[in-house]
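Sequential numbering from -3 applies to the sequence shown in the numbering used here.
For reference, the structure discussed in these notes is given below.
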Amino acid sequence: MYKVKGQFLTIDMCPSSKSFEKEFFNILLELSIKLNKPIPIAICVSGLWINKHQEEFLWLIKQQENGYLQITWVNHSFSHPYFKDKPLEDNFLLSNKDDFENEVLEAGKILVSYNIAPSPFFRFPGLVSDQTLIEKLKDFGFIPLGSNAWLAKGEKVQDGSFILVHGNSNEKAGIDLIMPMLPKLKLLPIEKAFLLPNL
């Protein structure tokens, strides 16, 4: 990665029983119209969120097709396991390492079933991993995508920040913080942070 003047907006879509953050996404559309260009975002999507929110998922795809959003689709695992009563070292994907390959590949299959070419990026649920899973992920050909500006945790935005908010209505604090920032940010495609060719 290299220093840039701008930020990378990543939006996590973990499994949720709630509707997505429609107002937030509509603000992005309004910004696109104002700037007369698609807004680059990375949506880190779990397979279960897609399965439970097909209508909303298709709406997001439509906004990309209509030229309002420039979406990089990031694999966020299939089930995004989480246990309230377990410590981090035994939680999220660390809770069952034997199922890691299935978690990665099944989420990718769902994206492909919608004719979406998955990006080379993977976001660990909770940003929790260990060296074993990172090495396995690299063997699958993926790049782990972290964050240094998880807004709901009080992390600050600066040039080069990987901003993290949740678009699934599970973490309102981050959305409340990002909304007034959006017109002032210089959002960049996530690929630019990794010097991938032709992007």
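C-beta atoms are modelled at their ideal positions from N, C-alpha and C, and glycine is treated no differently.
Predicted model, so just to flag it, every value in this text is computed and none were measured.
Original post:
In chain order, what residues of the same chain lie with their CB nearer than 6 Å to the CB of Ile106, ignoring the 5 residues before and after it?
Top reply: Residue mapping note: residue 106 aligns to position 110 of the sequence shown, counting from 1. When the five nearest sequence neighbours on each side are left out, the beta carbons in the same chain lying within less than 6 Å of the beta carbon of Ile106 are those of Gly43 and Ile46, in order along the chain.
Subject >> Residue span of the alpha helix (DSSP H) that contains Ile57, given as start and end >> reply: Taking the sequence shown and counting its residues from 1, the one referred to as residue 57 is at position 61. Residues Gln50 to Glu61.
**OP:** May I have the straight-line CA-CA distance separating Lys134 from Ala169, to the nearest angstrom?
**Re:** As a position in the sequence shown, residue 134 is number 138, starting the count at 1. As a position in the sequence shown, residue 169 is number 173, starting the count at 1. The alpha-carbon separation between Lys134 and Ala169 amounts to approximately 32 Å.
Original post:
Who are Asp8's beta bridge partners in DSSP?
Top reply: Locating residue 8 in the sequence shown gives position 12, where the first residue counts as 1. DSSP lists Cys40 and His162 as the bridge partner or partners of Asp8.
Original post:
In or out: Gln59 buried (at least 16 other Cβ within 10 Å) or exposed?
Top reply: Numbered from 1 along the sequence shown, position 63 holds the residue referred to as residue 59. By the Cβ-count criterion, Gln59 is buried, with 16 or more other Cβ atoms from all chains shown falling within 10 Å of its own Cβ.
Subject >> Trp146 to Ile159 span [Cα, whole Å] >> reply: In the sequence shown, counting from the first residue as 1, residue 146 sits at position 150. In the sequence shown, counting from the first residue as 1, residue 159 sits at position 163. When only Cα atoms are considered, Trp146 and Ile159 end up about 6 Å apart.
Subject >> Cβ-based neighbour list, Ser91, same chain, cut-off 8 Å, excluding 5 preceding and 5 following >> reply: Stepping through the sequence shown from its first residue, residue 91 is reached at position 95. Annotation for Ser91: Pro77, Phe79 and Lys82 place their beta carbon closer than 8 Å to its own, counting only its chain and skipping 5 residues before and after.
Subject >> Cutoff 8 Å; reference Leu178; Cβ partners in own chain excluding five residues on either side >> reply: Start at 1 with the first residue of the sequence shown, and residue 178 comes out as number 182. Leaving aside the five residues that flank Leu178 on each side, the residues in its chain whose CB is nearer than 8 Å to its CB run, in chain order, Ile23, Leu24 and Leu27.
**OP:** Take Lys14 as the anchor and find which of Asn87, Gln127, Lys48 and Lys132 has the nearest alpha-carbon.
**Re:** As a position in the sequence shown, residue 14 is number 18, starting the count at 1. When only C-alpha atoms are compared, the closest one is Lys48.
Subject >> Residue environment, Phe190, which counts as buried when at least 16 other CB atoms sit within 10 Å >> reply: Here residue 190 is taken as the residue at index 194 of the sequence shown, counted from 1. Classification for Phe190: exposed.
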